[in-house]
Every structure is written in structure tokens, then in C-alpha cells.
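Residue numbering for the first sequence follows numbering that gives the first Met the number 0, starting at 0 and increasing by one per position.
Built from N, CA and C at the ideal position, the CB exists for glycine as well.
Remember, it's a predicted structure, so these values are computed and weren't measured experimentally.
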Amino acid sequence: MERWGGALKEQLQGNFELALRAVLEAAGDGGEMPEFALEPARQAEHGDFACNAAMVIAKRLRKPPREIANDLIAHLKNQDATIQRLEVAGPGFVNVWLGKESWHGILRQVIEQGVRYGCSESGQQRPIQVEFVSANPTGPLTLGHGRQCVLGDTISRLLGAVGYEVTREYYFNNGGRQMRVLGDSVKARYLEALGLAAPPSESALTDPDSPWPESIDGLPVVFPRDGYQGGYIEDLARGLLDEHGDGLVDGARDEIFKETAEREIFREIRATLNDLGVHFDVYSNETDLYENGKIEEALADLRKMDLVYEKDGAVWFRATRFQLDRDRVLVKSSGDPTYLLPDIAYHREKFRRGFESVVDIQGADHIEQFPFVKKAAEALGCPEGQIELVMHQFVTLTQGGDQVKQSTRRATYVTVDELLREVGVDVFRFFMVQRRAESQLDFDLDLAKETDWKKNPAYYVQYAHARTHGIERKAREQGVEMPDANTLDASQLTLPEEIEILKKISEFPEMVSQAAETREPHHLAYYARELAGLWNPYVQDGSRHRILGDDATLTNARLGLVLGVRIVLANTLSLLGITAPETM
RNA sequence: GCCCCGGUAGCUCAGUUGGAUAGAGCAGCUGCCUUCUAAGCAGCGGGUCGGGGGUUCGAUUCCUCCCCGGGGCGCCA
């Protein structure tokens, strides 16, 4: 179980620092305050918090850590009334027990702050950009894109919660070869539909080593060798056929194939994003950067700094000057830029537009290019260290114990749309954000389709939230009012499981800020599961502790707990972009 | 060959700047219960944290060398 601090920890931390300072001064050491850890104890026998300060400074003071721990305790004793007991343990830990009443105050805080509980202002409204998905409109969004959508959107939500001014941005390369191949693919299918071209054989498509046929049965094969094979290409061709008949055969208006494909596929992508609950603030693209001269400008400036040179008719970026393993081509001998140059210009524009830092979210397949973009952009004046990368590994899909292979260019991928139809957006988002980005993610379709709330973690969390409303409905039937911040008296919450829940609730703000600062949204999913894992059994085991009972004061306290759990679960689900239902 | 990311329970994975006896879910096993909405609740078993070496009071965590899996090493994006 992951553990985080809370308001009580911060207070204790201050007191430990005072005690540590006193111990240092007593030993004639006026040096710097060392880094030490004060953590929620992992085991109940170790109290509420454990501190390693004595061990950290043992060498510096040349004293046994347990002795130092005793000195710390002597200084701590009269400092903090909430401390109930202090103990030296193990190699020199100081374990701290707080009175149960210390945990009661958190509920009032949660209820007062409501949707703001967990938020902070540490971002100081600084403008930050999160760029993600950025898939070229060559086909529907697939599993990997889906993970990136959820990662990027959840990170954006986290950054917003800790006070950054977040812009979600989608950038795509519509100027390059990929889009030409897309247009050519559509045209080929169009000609095939008219009987003017032959589709390549199945074996030619699937086997990269087989010879590519020039013609079949007297008809030319025009489909590109690296063309897009999905069925949507044929749909696009059929649409053009319906609209224009054979009027596009002569080649005079070939750009219509590419333009139509880009427009229609992008429409589909935006619909999918909408279904995912992901809304971009800005869409930007490569051709705009060409049209307003930003790409030429970037190249000219790199040239001024002697960071480019000519070789073999191409223009190269001197990446080796920045300790990178090789130089890279910016402009091909054909005169066309590679994707790298627009990317560099684009990153420079991000900062010119006023962002103080940017987060790029990318799949493992083009991790390699990132250092080049970063170094070049920094050379062009972007602030060092403010271009950040969140890299994520691939997604596999497991169904019935078998992994379904994902192949990009062939039509054997699973789309986000298909998965959304099967499991719904809430489950999809929960599963996609469950793992650290750097870990491969195995999407367990059987578990995702499981509707039993106990088994499916997404439903387990949602049901925990719905239960808080169920209890409120029941209370209202019985004429019992929910407490508010003024009428709440939490002092009767004394059961160990109640204190556990209060502790978990108090950890929420630190968990949020950590997840935001480290760009690790998976902590949200774990936290949600853990809080629900405390709450569901508590509610279920009503034989030991009814929430709605005869004792009005106790009922008031427990209903306060209901509210606290509801608010924190709702806030967690909101950060995850998942609905918090009142009934299920 | 080189670079990046992983390797933790049968499976999928957490483990916060190095901390005490390494955790969760699912699967398995055993009891109990019949609910403030749904078969639940409690407990049990299960590990050389890929392997060797190093750093230190202490290493799953840091360094190094191997092994395995994935990705990348284009004038493709």
C-alpha cells in the first residue's frame, strides 16, 4: 500500500526539525539541516508516523543512532500536545503515536473545502502546455493512442488541480510523406472500385519480403507498398466515388484524396476524443508552421549558430555537439525537411507563445527523437529543463488468456472506438491509467468487461461512492439530517477502521501534489482503490458498526465520515475523468 | 553491436527522495454471515524482489557486469 503524509505530518515535521536543530546545537553542530524522512508507519505496531532522523545524523555526530533518538524524544515531548507516545525502535527510528482525536479534524476540513479538497496553488497559475496524442490523421485511434489520451488528460487535470494554467494541445504532421501515402491509398482503392486497378494480393500485403506486383490480370496495381490497409480507406474511396463518379480518374484533382481523407479521419478522431472525455484547447499542425515561415526561421537561426552543416546534399544538425550519439538530417537532399525540423520549430513556438514549461507525452516508439528536438530547441533559446517528456510503453490486449497482437499499418489493431463500445469510457480510463507510464500495460479485456463491482476495480471504486449516497438516502428516509461543517462532531469515531479511513483521507492532498509534480497519474487509481477498499468493507460489515443507529451523536459522526469519503472519492474520480454515480 | 524501458506471489502490477517482518487486485484454499442496494466478510497459503559483485548502520530502491522480454538505432513519422 502506498502511503502519503497529510496535514498532521507537516506539523510533526516542523517539530522534528526543531528537535533536530536542538540536538545538533547541543553537540556543537550549527551546520545544515539534514534531509530526513517522516513517513506514515507501515505497520500499526510502529505507531502513526516513523522518523529516521537519528540514523541520518548518527555518523555526523559520531553517536549511536538510538542515543540520538532518545535525545530527539526528550525535545519533542513538550512540543506537541497531539503526540501521545514516542518510542525508539529498531536501529534508531522514532515512532510517534498521535491521539485518536488528532484525526477527527480532517473531516471538517474536507467538508468545508469540498471539491477543492486536495487542490493547491503550488503552480501559481504558471502557464504549462501538455501535448499529447498528436496522432497523424491516417486512421482511427488505437490502443496506444488511447493510453496516451488518458495519460495526457489525467496529467492535465492533476496540473490544473495544483494551480497551473494548463493548455491541452494536439499537434499533427500533415505536410509529410505519410499524408501523401494516405491520399495515394485512397486513390488506389477508388481506381480499384472503378475496375481500373487491381488490388495487391494478400500475400504481397502481408509478407514484406514478397515481390510487389506491377499488374494483375492486365490491370495495374497502384496501391502503395506501404499504403494504409484499413477498411476505412475503402469507405473513403467509396464516398468519393458516390460524389464524383469517375471524374477523379485523370489525376488533375488528386489532392482531393488526401484532403478528404485528412478531413474525414480527423472528424472521426475528434469524435473518439469526445467520447473519451478528452477536450483539447489547441490543435496545431505542421503546414501552418510552413506557411508562417517558422520552419525556415528555425533553420536559419540554427545555421547562424553553426549548428547545421551540409553533407551529401542534405542539411544536418550537429547533435554530437550536445553529446548525442549522431548527427541528424534536418533537410533531405530532395529539399524536403524531415519531421525533425518542424518539430524543433514547433517547440520553440511553444515558449514564444508564453508557456513556461511544456510536457510532451510520447510512446516508446519515438522516444529516440526526443533528445534531438529538446537540444535543438534549447539551443534556440527555450529554457533548459522546461521541455519534459513523459514516455509510455505499449499496450497489449489480453482476452481469454491470449494476447491479441497489435499491428499498426495492417488492419489488425484494436481501436479505441471498439473498446469503448465494449467496456465504456469509465472502465477504459481507469484501466489505461492504472499502470506507471514506463511499464507495459496489459489491458485485460475479460476483467474490464466484468460487471461484478467486486471484481472490476473501476466499478469497485464507483460503487464505494454510490454507497455514500445510498446511506444518505436511507438517512433521509429515517428523517436523519446529514451533518455539515458546523454541526459535525467527529469525536466518536474511535474504531480502528474509522481511524484508518481518516488517515487515508488526510493523505489525499499530498498524493495529488506528488502525482502532479512527478506526472504519475497512476497513483490516483491506486489511491482510489485503497480508499474504496477501506470503505466498502466498513459499510458492508454493518453488524459491527451501523452508521445509522440509535445514538444520535455517533450517527452524526459516522455520517460525517460518509461525507468525507464521498468528497474524496468524488474528487479522485473527477481527476481520473471518471463519473461518480449516485446509484449503480 | 549500441541506446531506451521493463524483470517483484500462479497471473496483472504497486512500492513515494535507501529504512524495520516486501504489498494490492485477480486466481486458489478455509471458516463465518445474510447486509445502510447487489454474496458478502474474515482468515490462510504463496517470494533467492532476474543473477553476480560493489557502495553503508541498512539496498527491491543507488553504482557496475551479465541474463531475459519489449521498443528503437532511416535523407519514415
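Asked: Candidates Cys50, Val114, Val55 and Lys99, of which the one nearest Leu75 by Cα; Found: Cys50
Asked: Beta-carbon gap between Ile504 and Val567 smaller than 9 angstroms; Found: yes
Asked: contact_flag[the stretch 130-150, the stretch 259-269] where n(CB pairs < 8 angstroms) is 3 or more; Found: yes
Asked: Rounded straight-line distance, which links the Cα of Asp47 to that of Arg2; Found: 11 angstroms
Asked: Contact check, Gly559 vs Leu494, beta carbons under 9 angstroms; Found: no
Asked: Where Val413 sits in the DSSP three-state scheme; Found: coil
Asked: Straight-line Cα distance separating Leu340 from Val307; Found: 11 angstroms
Asked: Candidates Val221, Tyr282, Leu444 and Ala197: closest to Tyr169 by CA position; Found: Tyr282
Asked: Minimum C-alpha distance to Glu254 - residue among Ala192, Val180 and Asp287; Found: Val180
Asked: Presumed contact (8 angstroms Cβ cut-off) between Phe354 and Thr397, rounded CB distance; Found: The Cβ separation is near 39 angstroms, so there is no contact.
Asked: Residues of its chain near Glu9, where Cβ-Cβ distance is below 6 angstroms and the 5 sequence neighbours each way are ignored; Found: none
Asked: Where the alpha helix (DSSP H) containing Lys448 begins and where it ends; Found: Leu444 to Lys448
Asked: Where Ile386 falls: helix, strand or coil (DSSP); Found: strand
Asked: Check whether Ser332 and Asp311 have beta carbons under 9 angstroms apart; Found: yes
Asked: Spatial neighbours of Asp326 in its chain, beta-carbon cut-off 7 angstroms, leaving aside the 5 residues before and after; Found: Trp315, Phe316, Arg317, Ala318 and Thr319
Asked: Boundaries of the beta strand (DSSP E) in which Phe316 is found, first to last residue; Found: Ala313 to Phe316
Asked: Sequence-distant residues of its chain with Cβ nearer than 6 angstroms to Gly395 (five each side left out); Found: Looking at the sequence itself, residue 395 is Thr, so the reference to Gly does not match. Excluding residues within five positions, the ones whose Cβ falls inside 6 angstroms are Gln402 and Asp441.
Asked: Integer Cβ distance of Gly174 from Tyr289, believed to fall under 8 angstroms; Found: 6 angstroms
Asked: Assumed close pair Val109, Gly532 - CB separation to whole angstroms, cut-off 8 angstroms; Found: About 19 angstroms; that fails the 8 angstroms criterion.
Asked: Contact between the stretch 221-236 and the stretch 272-279 (3+ Cβ pairs under 8 angstroms); Found: no
Asked: Reduced DSSP secondary structure (H/G/I, E/B, other) of Val479; Found: coil
Asked: Residues near Pro64 by beta carbon distance below 7 angstroms, same chain, minus five either side; Found: Ala53, Met54, Ala57, Pro90 and Gly91
Asked: Identity of the residues DSSP links to Lys374 by a beta bridge; Found: Answer by DSSP bridge pairing: none, since Lys374 is not bridged.
Asked: Residue interval of the beta strand (DSSP E) (run including Asp216); Found: Premise fails: Asp216 is in no beta strand (DSSP E) and is neither H nor E.
Asked: Segments of 3+ residues assigned as beta strand (DSSP E) that fall wholly inside the stretch 304-343; Found: 307-310, 313-316 and 327-330
Asked: Proximity of His521 and Arg435 at Cβ, strictly below 9 angstroms; Found: yes
Asked: Inter-residue Cα distance where the pair is Arg475 and Glu387; Found: 50 angstroms
Asked: Limits of the alpha helix (DSSP H) - the one that Trp534 falls within; Found: His521 to Gln539
Asked: Length of the line joining the Cα atoms of Leu71 and Asn14; Found: 10 angstroms
Asked: Run of the beta strand (DSSP E) containing Ser356, from where it starts to where it stops; Found: Ser356 to Gly362
Asked: Where Arg466 falls: helix, strand or coil (DSSP); Found: helix
Asked: Option in Gly229, Leu235, Ser202 and Asp483 with minimal Cα separation from Ala192; Found: Leu235
Asked: Cβ pair Phe350, Gly380 closer than 9 angstroms; Found: yes
Asked: Rounded straight-line distance, which links the Cα of Arg237 to that of Gly117; Found: 52 angstroms
Asked: Closest Cα partner of Leu239 within the set Arg262, Val221 and Pro219; Found: Arg262
Asked: Residues bridged to Asp283 [DSSP beta-bridge criterion]; Found: The displayed chain sequence assigns Ser, not Asp, to residue 283. Paired residues: Tyr170.
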